[in-house]
DNA sequence: CGGGCACACTTGAGAGTTCAACCAATGCAG
DNA sequence: CTGCATTGGTTGAACTCTCAAGTGTGCCCG
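Here's what the structure looks like:
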């Protein structure tokens, strides 16, 4: 169903320029990170799964929690985890406290892969973003994205 | 082929926090924009195609130019344009000056769709980004993304 | 002028994602 | 307790994207 009757508050020219630069910049950032990770057979989504699993003491996390942290739909996560399971990067184990639950757990192989990929990934993040911008702008980026994340949902 | 022997220059804790906020923030921004555009049967990629076509006097543009502007692979653009053509949003016409070339041209319907969707899209951009951040941080975002885009390719 | 390389775009198959059911366990209301 | 909405996760089909290969045109160099 299409929304109707909006009073258009257009963006100023300067705002439009910034917005387009945002689209180009993020496009480039994600493209380069994906390209770099491809050498390890991963994409950014999978890499983030590894990172969040490894953040936890036992390298395991419930599917739904993981889905929230990596901002993927449950369905997508199920499929992705299945693929990664087939590659021996992680396993699924039953959740002890809730019989509906499933936990994804990093295998040793999966952890080793993360350890191998991480330095290259970090280097990419530096090369494409951190090292090419003014430190104070980078700080501002953090403030800005913090505000975006905390803004109320308002579906 | 995997890259080898990297000296890891890790990110500081503050930098990591900013980086994760960047991932979350952009994730949210794109998710909301896509959700809003879905009511018009579009996603952000298709919407950008409409915008760039409408930027030109005749509402037409060569495929490869368009591909560059929207940062999509030629292959992807071919598929997307085919789909949009099937929906009567645009047409393909032969390029007069180069027989290899193809131009995508907005139909009246396609232009009408853009006109209808645009105000809602702009409103989304405001709601999810422009209106929730400090103006000076938004300016900084522009500066920062400008630097990212202009940074040398260094494959 | 003609051989060959580069460019513009398309194609099709495989890989990944989305969307709408679906099943099973939980938990709360009466 | 029992009924029923909710939550957690999966499934499969339809759709989209990627990657490598293919077609046809332009252009340069001898």
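Chains as they are written, first to last, in this note's numbering: chain Y, 17 to 171; chain L, 17 to 171.
Just so it is clear, CB atoms sit at the ideal spot from N, CA and C, and this is done for glycine as well.
Taking 7 Å as the cut-off, the beta carbon of residue 96 (chain Y) is found no closer than this to the beta carbon of residue 42 (chain L).
Here residue 63 (chain L) has 53 as same chain residues with Cβ atoms under 6 Å from its own Cβ, once five neighbours each way along the sequence are excluded. Taking CB atoms only, residue 40 (chain L) has a neighbour in chain Y less than 7 Å away. Using beta-carbon distances, residue 110 (chain Y) does not count as an interface residue toward chain L, since no partner is under 7 Å. Between residue 139 (chain L) and residue 56 (chain L) the beta-carbon gap is near 13 Å, outside 8 Å, which marks them as no contact. Residue environment analysis places residue 88 (chain Y) among the buried positions, since at least 16 neighbouring C-beta atoms fall within 10 angstroms of its C-beta. Inside the region 17-98 of chain Y, DSSP marks whole alpha helix (DSSP H) runs of 4 or more residues at positions 29-54, 60-71, 79-86, from first to last along the chain.
Below the 9 Å Cβ cutoff, chain L contributes no neighbours of residue 131 (chain Y), its closest Cβ being approximately 10 Å away. Exposure of residue 47 (chain L) is indicated by the presence of fewer than 16 other C-beta atoms within 10 angstroms of its C-beta. DSSP places residue 143 (chain L) inside the alpha helix (DSSP H), whose first and last residues are 124-144.
Straight through space, the alpha carbons of residue 101 (chain L) and residue 125 (chain L) are spaced by roughly 11 Å. Close to chain Y, meaning a Cβ-Cβ distance shorter than 8 Å, are the following residues of the region 71-98 of chain L: 87.
For residue 145 (chain Y), the chain L residues whose Cβ falls inside 7 Å of its Cβ are 164, in order along the chain. Spatial neighbours of residue 103 (chain L) in its own chain (CB-CB distance under 8 Å, excluding positions within 5 residues in sequence) are listed in chain order as 57. Separation of residue 112 (chain Y) and residue 78 (chain Y) (C-alpha to C-alpha, rounded to the nearest whole angstrom) is 11 Å. Taking a cut-off of 8 Å for Cβ pairs, the region 150-161 of chain Y and the region 139-156 of chain L touch, as three or more such pairs fall below it. For residue 122 (chain L), same chain residues with a beta-carbon under 8 Å away, outside a window of 5 residues either side, are 66, 69, 70, 75, 76, 105, 106, 130 in chain order. Membership of residue 163 (chain Y) in the alpha helix (DSSP H) is indicated by the continuous run 151-166. For the region 149-163 of chain Y, the set of positions with a beta-carbon nearer than 9 Å to some beta-carbon of chain L reads 149, 150, 152, 153, 154, 155, 156, 157, 158, 159, 160, 161, 162, 163 in chain order. Residue-level contact by beta carbon holds for residue 37 (chain L) and chain Y, with a gap shorter than 7 Å.
Exclusion of the five residues before and after residue 83 (chain L) leaves 90, 93 as the residues of its chain whose Cβ lies within less than 6 Å of its Cβ. Chain-ordered, the chain L residues with CB closer than 8 Å to the CB of residue 45 (chain Y) read 164.
Setting aside the 5 residues that flank it on each side, residue 119 (chain Y) is surrounded in the same chain by 76, 78, 109, 111, each with a C-beta closer than 6 Å to its C-beta; the list follows chain order. Residue 118 (chain Y) is bridged by DSSP to Y:110. Under the Cβ criterion of 7 Å, residue 105 (chain Y) is not counted among the residues facing chain L. Not one beta carbon of chain Y lies nearer than 7 Å to the beta carbon of residue 128 (chain L). Counting other Cβ atoms within 10 Å of its Cβ, residue 31 (chain L) reaches 16 or more and is therefore classed as buried. Taking the beta carbon of residue 65 (chain Y) as reference, no residue of chain L falls within 8 Å; the closest one sits roughly 13 Å away.
Cβ neighbours of residue 137 (chain L) within its own chain (closer than 8 Å, five residues either side excluded): 49, 52, 53, 63. CA-to-CA, the gap between residue 161 (chain L) and residue 142 (chain Y) works out to about 14 Å.
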